[in-house]
Amino acid sequence: MKIQPTTYDGYKLLHEGVLALADIEENGMCIDIEYCKKQQNHLARRIKHLEKKLLKDKTVKKWKKKYGSQFNFDSDTQMAKMFNVDSAKQEVMEQIGDPIIDTLILRKRLSKARNTYVANYIREAVDGMLHPFFHLHTTRSIRSSCSNINFQNQPVRIELIKKIVRRAVIPRPGNIIGEIDYSGQEVKVATCNHKDPEMIKELNDPSRDMHRDMAMMCYKVPKDLMTSKIRYCGKNKFVFPQFYGDYYVHNATDLWNAITTLNLELKNGIPLHKHLKSNKLGTYSKFESHIKKVEKYFWEDKFSVYADWKQQIWDDYCDTGQVFLYSGFVCSGYMERNKVINMPIQGPAFHCLLWSLIKINKWLKETGKQTKVIGQIHDSIVLDIYPPELNEVIEKCRKIMTEDIVTHWPWLIVQLKIDVELTPVDGSWYLKEEVKRADCHECGSSWMWQKEDGDEEYWECPVCENIETVPF
DNA sequence: CCAGGACGCGCG
DNA sequence: AAAGCGCGCGTCCTGG
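Right under this line is the structure:
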């Protein structure tokens, strides 16, 4: 497969992109090495402790006896064999229902945190600074990649592991780490391609919520009994997989397994399994044929224009052997259907970030700011922010990322939006939380955390820790 | 003994 | 007709 620029604009994006990413590499980020070393020892002890506990288990005892000196907790082959499964994947292991599995999974997670993440901070940091490489020449998608360390896959989904790992990344003394991300950028860039009026309505009407609606449909849950967990499953086990070309059998399996592994229940406390049973979806095979119907509705009724576009882009590729990208590129060579459909979306979505990154970095340099870009994660920019520059920097980023870019690329026909997350002054990356527009009367910062204490809502300033009960 | 493949898992 | 896209890294394991 080959991919190349079709326009000078495309070429220039990569050229200037490489230079901007080189600046970011040079800037680097601060690492709390002392913390990393302590944490590494702590994790070693914790893992050893878990292994001691595991060795008291019946199955693990058998496992050790069978393999003797070859016995190894890290061997997936051994583990799968002992538990009579084809694969040692977590989702497979979880289905066994043996209580020892939780401990085995925890051991695996802690081991990964130690051996992959914390160890690499220590290995790659020089004098407390880390300089990950950001590449633009490695991927099939024309996204970026990142190595030594891979800053783009630092844990965030599991609270315990997130804390262990992200605690190591800290701002320069007196500064704040800020992350500005495009919200829903891939869905929006897809929409710029297919222009499905139903999706445009979804995106323009803030009262609508397709992830919630699809979750409701998949599990037959009425609106007033919905929970955020059920919505999460609709979004991540049906909607997104469908956009990437997944199909109902896989979706149904995932959605079905999630009911037990995530302990799903309705808002009124009724277990989801019970709820499905009373709606005649009590067995997997009934549930699967239900999801088949949901898939049919999704593509034939709800997003039929999107479906037509997918067919069109595939037909065009079959005729010409080419796929064109709005950001100024063409792909040719052998590709499977799902890859073809994805190509015009994934790359250009990243290119919006890259274009913005180039402008933001240039502005920071030209105006002599102390704030620096220190990283990039596909649809977000990570900054080390000098607090007196906070308001100005965020405003400039907002303007570039949501206004200037639309002027540059008129194919961006839907409204773009950013979200902002900040750490406290001197606070680690783990502590970053979303901020909203709200003025702090103490220090003049325009961005505050919206917090709750029981029924009481209040606002806290990341810069000066001031608390406001009535902002603005 | 080493290189490279397979697998698993972290992220968007 | 095929059956989720894109990455990097650590570990195990196989074949030469």
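Heads up, the first sequence is in my numbering, so the first residue is 234 and it goes up one at a time.
We put the beta carbon where it would ideally sit given N, CA and C, even for glycine.
Inset, instruction - Work out the CA separation of residue 572 and residue 416 for me, nearest whole Å. - result: 23 Å
Legend entry - Same chain only: Cβ atoms within 8 Å of residue 286, ignoring 5 sequence neighbours per side: 336
Inset, instruction - Would you mind stating whether residue 354 and residue 401 have Cβ atoms separated by less than 7 Å? - result: yes
Legend entry - alpha helix (DSSP H) segments (min. 4 residues) lying fully within the stretch 389-432: 392-399, 418-427
Inset, instruction - Count the other CB atoms, across all protein chains shown, that sit within 10 Å of the CB of residue 703; report buried if there are 16 or more and exposed otherwise. - result: Exposed: under 16 other Cβ atoms inside 10 Å.
Inset, instruction - State buried or exposed for residue 255, treating a residue as buried only when at least 16 other CB atoms are found within 10 Å of its CB. - result: exposed
Inset, instruction - Write down the C-beta distance between residue 376 and residue 579 rounded to the nearest angstrom, noting that I regard them as a contact closer than 8 Å. - result: 6 Å
Legend entry - Three or more C-beta pairs below 8 Å linking the stretch 304-321 and the stretch 288-296: Per the Cβ contact rule, the stretch 304-321 is in contact with the stretch 288-296 (3 or more Cβ pairs under 8 Å).
Inset, instruction - Helix, strand or coil for residue 232, going by three-state DSSP, please let me know. - result: The chain is shown from 234 up to 705; residue 232 falls before or after that span and cannot be answered.
Inset, instruction - Assuming residue 696 contacts residue 620 (C-beta within less than 8 Å), just tell me the rounded distance between them. - result: 5 Å
Inset, instruction - Please confirm whether residue 261 and residue 363 have their CB atoms less than 7 Å apart. - result: yes
Legend entry - Through-space distance from residue 426 to residue 647, alpha-carbon basis: 11 Å
Inset, instruction - Taking residue 520 and residue 547 to be in contact with their CB atoms under 8 Å, please state how far apart those CB atoms are, rounded to whole angstroms. - result: Contact flag wrong, Cβ pair sits at about 30 Å.
Legend entry - Cβ-based burial, residue 288 [other Cβ within 10 Å; buried from 16]: exposed
Legend entry - Spatial neighbours of residue 433 in its chain, beta-carbon cut-off 7 Å, leaving aside the 5 residues before and after: 424, 647
Legend entry - Close-in-space but distant-in-sequence residues of the same chain around residue 676 (CB under 6 Å, 5 per side omitted): By the criterion of a C-beta distance shorter than 6 Å, residue 676 is surrounded in its chain by 696, 697, once the five residues flanking it on both sides are discounted.
Inset, instruction - Taking all protein chains shown into account, decide if residue 577 is buried (16 or more other Cβ within 10 angstroms of its Cβ) or exposed. - result: Buried, by the Cβ-count rule.
Inset, instruction - Let me know the secondary structure DSSP gives residue 630 once reduced to three states. - result: helix
Inset, instruction - Could you pull out every residue in the same chain whose Cβ sits closer than 8 Å to the Cβ of residue 468, ignoring the five residues on either side in sequence? - result: Here the set comprises 444, 447, 448.
Legend entry - Span separating the alpha-carbon of residue 657 from that of residue 684: 14 Å
Inset, instruction - Measure the CB-CB distance between residue 527 and residue 369 and report whether it falls below 7 Å. - result: In this structure, residue 369 does not lie closer than 7 Å to residue 527 by Cβ.
Inset, instruction - Sort 689, 454, 471 by Cα distance to residue 500 and report the nearest one. - result: 454
Legend entry - The beta strand (DSSP E) enclosing residue 532, as first and last residue numbers: Residue 532 -> no beta strand (DSSP E), and no H or E assigned at all.
Inset, instruction - Pull up the distance between the alpha-carbon of residue 655 and that of residue 629, whole angstroms please. - result: 16 Å
Legend entry - Runs of beta strand (DSSP E) wholly within the stretch 545-630 (minimum 3 residues, chain order): 555-558, 562-565, 605-609, 613-618
Inset, instruction - Figure out for me which residue from 523, 380, 240 has the closest Cα to the Cα of residue 178. - result: Residue 178 is absent from the structure shown; the chain starts at 234 and stops at 705.
Inset, instruction - Evaluate residue 429 with the Cβ neighbour count: other Cβ atoms within 10 Å of its Cβ, from every protein chain shown; 16 or more gives buried, anything less gives exposed. - result: buried
Inset, instruction - For the beta strand (DSSP E) holding residue 263, just list the boundary residues, first then last. - result: 262-264
Legend entry - Opening and closing residue of the alpha helix (DSSP H) in which residue 459 lies: Element bounds for residue 459: n/a, residue is neither H nor E.
Inset, instruction - Along the beta strand (DSSP E) that carries residue 680, what are the first and last residues, could you check? - result: Its beta strand (DSSP E) spans residues 680-686.
Legend entry - Rounded straight-line distance, which links the Cα of residue 555 to that of residue 389: It is roughly 37 Å from the alpha-carbon of residue 389 to the alpha-carbon of residue 555.
Inset, instruction - Return the residue from the list 663, 639, 566 that minimises the CA-CA distance to residue 403. - result: With distances taken between Cα atoms, residue 403 lies closest to 663.
Inset, instruction - Flag this pair as yes or no: are the beta carbons of residue 633 and residue 678 separated by less than 7 Å? - result: no
Legend entry - Neighbourhood of residue 346 by C-beta, 8 Å cutoff - its chain only, sequence neighbours within 5 removed: 276, 388, 394, 397, 398
Legend entry - Span separating the alpha-carbon of residue 584 from that of residue 598: 21 Å
Inset, instruction - Could you tell me whether the Cβ atoms of residue 253 and residue 484 are closer together than 7 Å? - result: The answer is no: Cβ separation not under 7 Å.
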